[in-house]
Amino acid sequence: MSNKSLQIKLNSQTSNVNRGGEKKVMKKSLSVLVATAMVSSMFASVAFAAELTTQEKLDALIAAGIFDKDGTGQGSELEANMSREQLAKIVALLKKLEVQSGTSYTDVAADRWSAGFIQAVSKVKPMIMDGVADGVFDPSGDVTLEQLATVAVRALGLTVKTDAEVKGEVSDWAKGYVATAVANGLLPDAANTDFTKPAIRAQLVEATYAAKEVLAEQEKPAKVSVKEAKAVGVQKVEVTLDRDVDTSKAKLTLKRGSTELATDVKWADDKKSAVLTLKDGKLIEANYSVTISNLGEGEIDKATAEFSAQKEVVKSIDFVNSNDTIAQSKKARVQIVAKNQYDEAVSLSAGSFTANTPGFTSNLTKDGDYLVLTIDTLRTSPNETIPGQTIIPVYITENESRVMTSKNFKLGTKPFVTKIELQDVKYGSGKTSLSSKGDTAIIPLTQYDQFGNPVAYDDTDAIVNIYTNVNPYNEDIKAEYGDYDNNNFGEIRVSLQERIDKSGDYTVNVYAGGSSATATVKVSSAKVANKVEFGDYNDVLAERDTDKYIPVIAYDEQGNKLSLDDLVDSVNLDRIRIGGSGVAYAPKLVKSGEHKGKVHVTRVNATEHSVAVLTLSITEPGVNDYKTKQFQIGKVRYPDRLKVTGEPAKKIFNDGTAAVTSDVTVKVYDQYEQELKEIKPVDPTASTLDRSVRENNKTVEYAVYVYTQADVGTSNLSVTARSTNASAPTFVPSGTYYTADVLSTFNDGHKFNSAAGAVTGKMLYGAKIVKREVGTTDWVDATSPTTRSIQAITDSAELMYSITSVSSLFAAQDSKLLTDAQKDPATSKLAKKITVSAKDGAGDTVAISTNRVMSVTGSTYDVVVTKESGGNAYILGNKKGNATVTVNFRDIKGIAKSATLNVEVKDDAVSVASMSANTNFKSSTVTHNFLRDYMALKPKDNYGNEYTSQAEITAYDNLLGVRYIIEDAVNAAGDTVAVVYNSTTGEVSNLNNAVQFTVKATAGSGVSKSTHVDLR
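Just so you know, we're using this note's numbering here: the sequence shown kicks off at 309 and counts up by one.
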C-alpha cells in the first residue's frame, strides 16, 4: 500500500471529539503520522470500525492492554494533551518492542513507570524517538505535530529532505522531517498549519486504534486454528479462533466423543469467536471437541480443540424478592432462582428440589428460569391464619448437592395487584414477526401483589381485570389475555386476523388496576409474488402416478426470494395460478406440511412416452408472469426386482420352553429404484380396478409369489406373514400370490416360526416376481427367486452369547412426572428390555428363545432399577449416574452364564427427538377415530424410545406434549368445514363431512410432521 493510499484510508476516520476546524485538521494529520510510524512498512487494506465512537475505541484499547484506564500511563481524559512518555509507551506496545531496563536520560529515573518504554523506542534500530536535548527526554512534555512527524519518518525509514521548504510554523530542527512527511503525503501542505502545537489524547486514540487494526490484519496467521473451546453455560460452548474467518462458509461442529451434537451457532462481530448452543439436552460430564470446516483448501491449520465439561452443579439458591411478607391467599406465590457454576439459572426441573413449608400445604413448580412455590396461606392445620401474626417458614433444598436456602415469611393481607410486567415477545415457528393470517405471538405477563410476589392466574383472592389495546389501532391485530401455556401465570396473545399490507411496529398496552405495561410486536407484510418459477424436481413422473409434488420458487418486485411462509400466504395462494395438461393437480399450492409451497400433482393421466405440462402464472395489474414445465412421462411403475432389507437368522434352536421366531423382510422395487406398494389402477373410479400393464403389445398383470420348502425330516418349522392388514392374502405355505393391489403387505415381511417344542430340519423361504397375460391362467417368472433358509440345530452346538447394549436411560424413578405404573421396569416405555442373542463359530446368527434370563442386577440401586419378568430382563433409570448391569441367563445347554453391560442414566428431560409419519393417507372406505392413525405417527424420544400408539402417546403426554391441529378441511363441494377433535388426544368426534384435510402433529420439543388426508 502506498503512503498516499494509507493517508486516504486513515483520513476517512473522523473523531467524535469536535474542537473546531483547526483541531479536526490536526487530528487527521496525527492519525496519518502515528499510524504510519507504528506500522512501519507493514501496510494492509483493512476496513476500520468507523462506527465506533472515540470513547468506544478507547475502551477497546484499554481492554487490549495498550491504554491504562487510571493512574500513571495513559489517562483516559480525551480532551487532555498527550505527553511524550505516553507516546513512547503506545509506540512500544504497538510495535511490540522489548521493554529495556535502565535509562539514558537524566530526567527519566530508571524506576519511572515509562522508563522501559522510553528506552525501547530510543534503543531500537533505527531509533524511533530520542531526547529533546542531550540526555533530556522531557517525558511529561506535550507531543507536537513536528515531533510526531519525526517519529513517523524515522519509523518508516524515509530519507530526510534537508533542503526542502516548509510552509506553516515549524521549528528549524524539524523542518526536514516535516518536509519529508508532507512530501510523502503524510501531512497536509498548508501554509496556516502550526506544527509546533500539541495534540490531544482523542487524536492519539483515533490514530492508535487505526494502527492497531492495520497491525492485527498484518499479524494474523495465514491459516486459521481453533485456539480454545470451553463450556460457558450448561448448553453453551465458546469457541475462539486465532484469526477471523468467512462466517458465511465456516462450519463449527460440536461432538461428544464421536457423536455429533446439533447446535445453533452465533458468531461474534469480530468473526474470531462464536458461541454454540445445544439444540437438545445439555452438557454432561464428558470430553467434547469443536472442529472448524467448510473453508477453502489450505485455509485451516489446527481444525479441532478439545475440552472437558462438568455436570451441572447448583451453586446457590435465592429468593427473588427481598420482601419477607407474603399475601394471605390459597395460592400465594414465591419465586426462587437456583444458579449453577456458570451463574445462570439451572436447567434442573422442579423435581430436583424439595420444598418444605411446615404447617402449610405447598407445591413447587418451574416456570422459565424461576422455581415457583405456591402456598396455601389461608390455613395452617388446623387453624386459620392471622395477618401480622402468622409466620410461614420456607425451606428449599436441591436434592443432590444439598444446597439450600430458607426464609421465614410474615403473613400479610389479602393480595391485590400493584404492578405488572411483560416479558419478551415470543413468535411462533421460528419467526421474528407476525406476517401471515393466523400467526400468533405470546407475551408472558407477570402480575405482582403489594408485597412484590407473583400472583397466580387463577388466584381468586386477587382477581383483577386485564385490559389490552393495540396502538396504532388495526382491526386485524387482536390482543387477548389468557393462560395459553397452562403455567398458571397468564399471557397476552397477539394474533393476526388477516394479512397486513404494510410492515410496522405495534405497541400492545396492558392495564391491570392502576398498573400498566407495554410491549412491541413486529408485524411484517407478507412479500407479494411478482415472479414465479419451478424448482428442481428430481423424481420421475410415470403414468398413473399419484401424489407427486413439484417445487415452486417465487420472487417479489425487488427480486427477493420469498420464504415458504410468504409463498403460501393467502394473497399469494390466490395470486399464483396453476394450470396444466396430462396431469390432475390441486388448484393451489400446498399450504402446510412436508410439501408446503409445492404443486400437488394428484394423478398423472398422460401415458408413457407422452409429455405432461404444468404452468404457473401471475396475472395482476402491472404484473404478467408465465412459466411452463414439461415432463416426459415414464412407463407405469411395475415390479422390477426384489431386495432383502431384513436378514433372518441362519440357524434356529428351540428347547421347548417358548416360541422362537426370526424375521425376513424382502421388498418390491420398481424400475425407478423406488419401493413399490401397489400398481396404480388404469381408472381409479372404476368399480373393478384394472392394474394391468402394457408390454410388447400385450396386457399383463404382475404379482409376487411366495413359497416355502421344507427338507425331509423337518418338524416344528414354518413361515408366516407379518402383515396384519385385513387386505393381505391368506398366507399359504405352499404358495401365496401377492397381487398388484397388496404389494405393501408383502413388503411388511414374513417370519420363520418355531412353536414350543423340539425343532429339526431346514426351512426355505422363497419369493419371486411373476406375471401373466390378462385372460390366461399360468404365471411365468419375471425374476429369479430370492431365497433365505433357516437350519435347526441341537443343544450340542457351541455358541457365543451376548446381551443387548443400552445407550442411555432416563432417571425415571426419580421423576415426579411419571405414575407408579410408568416406573415399573417391566412395563414402562422408558425402560429397556435386555435380550440374549447367539452366534455360532462361523459368526452366523442363531435364533433362540428370549426368555432365558434367570436374574438381572445393577451395581448401584440409586442409579438403575432392574427386574426379571417371564424370563426377560428389564432395566429402568433411577437417578443420574453410571452403573454396571449383570444378567444371568441359561444357554441352550441349560448352563448358567452371565454377561455385563455399562449403563449411563441421565436426567436430561425426556423430549421428542424425531417423528415418523405417512405423507399421505388416501381411502374412500376407511376413517379413523384418532388423527394419529391417519398419520401412523411414531414419536421417538431422545433416549431412543418409540411410541407406536395414541394410547402410549397420551399416557406419556406430560413428557412428549404432542398436539394435533387440522388445517384446510373441505367437504366434497370444496367448502371449508370445521372438524371437531381433541387437540391433545387427537380423537375425532365429528368430521363434518370433511373429505380432505391436513393433520399436523407438533411435539413439545418443536418437532412436527404433517399428513394430507384424502377420504374421497
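In this text, a Cβ means the ideal position worked out from N, Cα and C, and glycines have one as well.
### Task
Answer yes if the segment 1108-1123 comes into contact with the segment 1145-1164, meaning at least three C-beta pairs across the two stretches below 8 angstroms, and no otherwise.
yes
### Query
Whose C-beta lies closer than 7 angstroms to the C-beta of Thr-567 among residues of the same chain, with five residues either side of it excluded?
Within the sequence shown, numbered from 1, the residue matching residue 567 stands at position 259. Counting only Cβ-Cβ distances below 7 angstroms, and skipping sequence neighbours, we find nothing.
### Message
My output table needs one value for Val-1315: the three-state DSSP class, helix, strand or coil.
### Response
As a working mapping, residue 1315 is identified with position 1007 in the sequence shown. DSSP places Val-1315 in coil when its eight states are reduced to three.
#### Entry: Segments assigned beta strand (DSSP E), at least 3 residues, entirely inside the segment 1145-1186
1153-1155, 1161-1166, 1172-1177 and 1180-1185
### Message
Does the segment 995-1006 come into contact with the segment 969-983, if we say contact requires no fewer than three beta-carbon pairs (one atom in each stretch) closer than 8 angstroms?
### Response
no
### Backbone CA spacing between Pro-887 and Asn-880 [nearest angstrom]
Translated into the one-based positions of the sequence shown, residue 887 becomes position 579. Translated into the one-based positions of the sequence shown, residue 880 becomes position 572. A quick correction: the sequence has Gly, not Pro, at residue 887. Roughly 15 angstroms separates the two Cα atoms.
### Query
Where Thr-344 and Gly-439 are concerned, what is the direct C-alpha to C-alpha distance, given to the nearest angstrom?
The residue given as residue 344 occupies position 36 in the sequence shown. The residue given as residue 439 occupies position 131 in the sequence shown. Interpretation of Thr-344 is limited by its pLDDT of 44, a score under 50 that renders its predicted location unreliable; no figure is taken from the coordinates.
### Message
Check this for me: beta carbons of Asp-874 and Ala-834, under 8 angstroms apart or not?
### Response
Walking along the sequence shown from the start, residue 874 turns up at place 566. Walking along the sequence shown from the start, residue 834 turns up at place 526. In this structure, Ala-834 lies closer than 8 angstroms to Asp-874 by Cβ.
### Query
Along the chain, where does the beta strand (DSSP E) that runs through Tyr-977 open and close?
By one-based count along the sequence shown, residue 977 stands at place 669. 968-978 is the extent of the beta strand (DSSP E) around Tyr-977.
### Collapsed DSSP secondary structure at Asn-1226 in the structure displayed
Counted from its first residue, the sequence shown places residue 1226 at position 918. Reduced to three states, the DSSP call for Asn-1226 is coil.
### Task
Apply the 10 Å Cβ neighbour rule to Arg-1160 and answer buried if 16 or more other Cβ atoms are within range, or exposed otherwise.
Along the sequence shown, read from residue 1 onward, the residue named residue 1160 stands at position 852. Classification of Arg-1160: buried, given that the 10 Å Cβ count is 16 or more.
### Query
DSSP state of Trp-1087, grouped into three classes?
Here residue 1087 refers to the residue found at position 779 of the sequence shown. Coil.
### Query
For Ser-349, which residues of its own chain have a beta-carbon under 6 angstroms away from its beta-carbon, when the five flanking residues on both sides are left out?
Here the question's residue 349 lines up with position 41 in the sequence shown. Because the pLDDT at Ser-349 is just 34, under 50, the model does not fix this residue reliably, and the value given afterwards should be weighed accordingly. Around Ser-349: no qualifying Cβ.
### Message
Check whether the segment 990-1001 and the segment 1013-1033 are in contact - that is, three or more C-beta pairs closer than 8 angstroms.
### Response
no
### Query
Buried or exposed: which applies to Arg-710, given that a residue is buried once 16 or more other Cβ atoms fall within 10 Å of its Cβ?
As a working mapping, residue 710 is identified with position 402 in the sequence shown. Classification of Arg-710: exposed, given that the 10 Å Cβ count is below 16.
### Query
Should Gln-427 be labelled buried (16 or more other beta-carbon atoms within 10 Å of its own) or exposed?
Position 119 of the sequence shown, counted from the start, is the residue given in the question as residue 427. Gln-427 should be labelled buried.
### Task
Look up Ala-1011 in the DSSP assignment and say whether it is helix, strand or coil.
To locate residue 1011, count along the sequence shown from 1; it is residue 703. Residue state, collapsed to three classes: strand.
#### Entry: Spatially closest choice to Lys-839 from Leu-804, Thr-1127 and Val-860, by CA coordinates
The residue you call residue 839 lines up with position 531 of the sequence shown. The option with the nearest alpha carbon to Lys-839 is Val-860.
### Message
By DSSP's criteria, Ser-533 is part of a beta bridge. Which residues make up the other side?
### Response
On the sequence shown, position 225 is the one that residue 533 refers to. The partner list for Ser-533 (beta bridge, DSSP) is empty, contrary to what the question assumes.
### Query
Quick one: what's got a C-beta closer than 6 angstroms to Lys-896's C-beta in the same chain, skipping five residues either side?
Within the sequence shown, residue 896 is the residue found at index 588, counting from 1. Excluding residues within five positions, the ones whose Cβ falls inside 6 angstroms are Leu-881.
### Query
What residues match up with Ala-1278 in a beta bridge as DSSP calls it?
Sequence index remark: in the sequence shown, residue 1278 carries index 970 (1-based). Here the sequence assigns Val to residue 1278, which means Ala is not the residue at that position. The partner list for Val-1278 (beta bridge, DSSP) reads Thr-1284 and Gln-1304.
### Task
For the segment 613-697, list the alpha helix (DSSP H) runs that are entirely contained and at least 4 residues long, ordered along the chain.
none
### Expected contact under 8 angstroms - CB spacing of Lys-906 and Ile-941 to nearest Å
On the sequence shown, residue 906 is found 598 positions in, with the first residue counted as 1. On the sequence shown, residue 941 is found 633 positions in, with the first residue counted as 1. Lys-906 to Ile-941, Cβ: 19 angstroms. No contact.
### Query
How should Asp-651 be labelled, buried or exposed, when 16 other C-beta atoms within 10 angstroms of its C-beta is the threshold for buried?
Position 343 of the sequence shown, counted from the start, is the residue given in the question as residue 651. Its Cβ having fewer than 16 others within 10 Å, Asp-651 is exposed.
### Message
Rounding to the nearest angstrom, what Cα-Cα distance links Tyr-775 and Ala-825 in this structure?
### Response
In the sequence shown, residue 775 corresponds to position 467, counting from 1. In the sequence shown, residue 825 corresponds to position 517, counting from 1. Computed Cα separation, rounded: 11 angstroms.
### Query
Which one or two residues does DSSP pair with Asp-450 in a beta bridge?
In the sequence shown, counting from the first residue as 1, residue 450 sits at position 142. Beta-bridge pairing links Asp-450 to Ser-391.
### Query
For Lys-830, which option in Ser-823, Lys-1124 and Ser-811 has the closest C-alpha, if you only look at C-alpha atoms?
Residue mapping note: residue 830 aligns to position 522 of the sequence shown, counting from 1. Taking only the C-alpha atoms, the option nearest Lys-830 is Ser-811.
### Query
For Arg-1240 versus Ile-1261, is the C-beta spacing smaller than 8 angstroms?
Looking up residue 1240 in the sequence shown gives position 932. Looking up residue 1261 in the sequence shown gives position 953. Yes, Cβ-Cβ distance for Arg-1240 and Ile-1261 is below 8 angstroms.
### Query
Does the segment 945-955 come close enough to the segment 924-932 that 3 or more CB-CB pairs lie under 8 angstroms?
no
### Query
What's the gap between the Cα of Phe-661 and the Cα of Ala-1207?
The residue given as residue 661 occupies position 353 in the sequence shown. The residue given as residue 1207 occupies position 899 in the sequence shown. Between Phe-661 and Ala-1207, the C-alpha separation is close to 36 angstroms.
### Task
Note down, in chain order, each residue of its chain lying with its Cβ closer than 8 angstroms to the Cβ of Val-444, except the 5 sequence neighbours on either side.
Here residue 444 refers to the residue found at position 136 when the sequence shown is read from its first residue. Cβ within range, chain order: Tyr-413, Thr-414 and Asp-415.
### Query
Cβ atoms of Glu-454 and Val-478: under 8 angstroms apart, would you say?
Position 170 of the sequence shown, counting from 1, holds the residue named residue 478. Position 146 of the sequence shown, counting from 1, holds the residue named residue 454. In this structure, Glu-454 lies closer than 8 angstroms to Val-478 by Cβ.
### Query
For Ala-1129, which residues from the same chain have a beta carbon less than 7 angstroms from its beta carbon, with the 5 sequence-adjacent residues on both sides left out?
Residue 1129 sits at position 821 when you count from the first residue of the sequence shown. Thr-1135.
### Query
If we call anything under 8 angstroms between Cβ atoms a contact, is Lys-531 one with Ile-608?
Locating residue 531 in the sequence shown gives position 223, where the first residue counts as 1. Locating residue 608 in the sequence shown gives position 300, where the first residue counts as 1. Yes, Cβ-Cβ distance for Lys-531 and Ile-608 is below 8 angstroms.
### Query
By how many angstroms is the C-alpha of Asp-767 removed from the C-alpha of Gln-636?
Against the sequence shown, residue 636 aligns to sequence position 328. Against the sequence shown, residue 767 aligns to sequence position 459. So the alpha carbons of these two residues sit roughly 11 angstroms apart.
### Query
What did DSSP end up calling Thr-488 once you bin it into helix, strand or coil?
Translated into the one-based positions of the sequence shown, residue 488 becomes position 180. Here Thr-488 sits in helix by DSSP.
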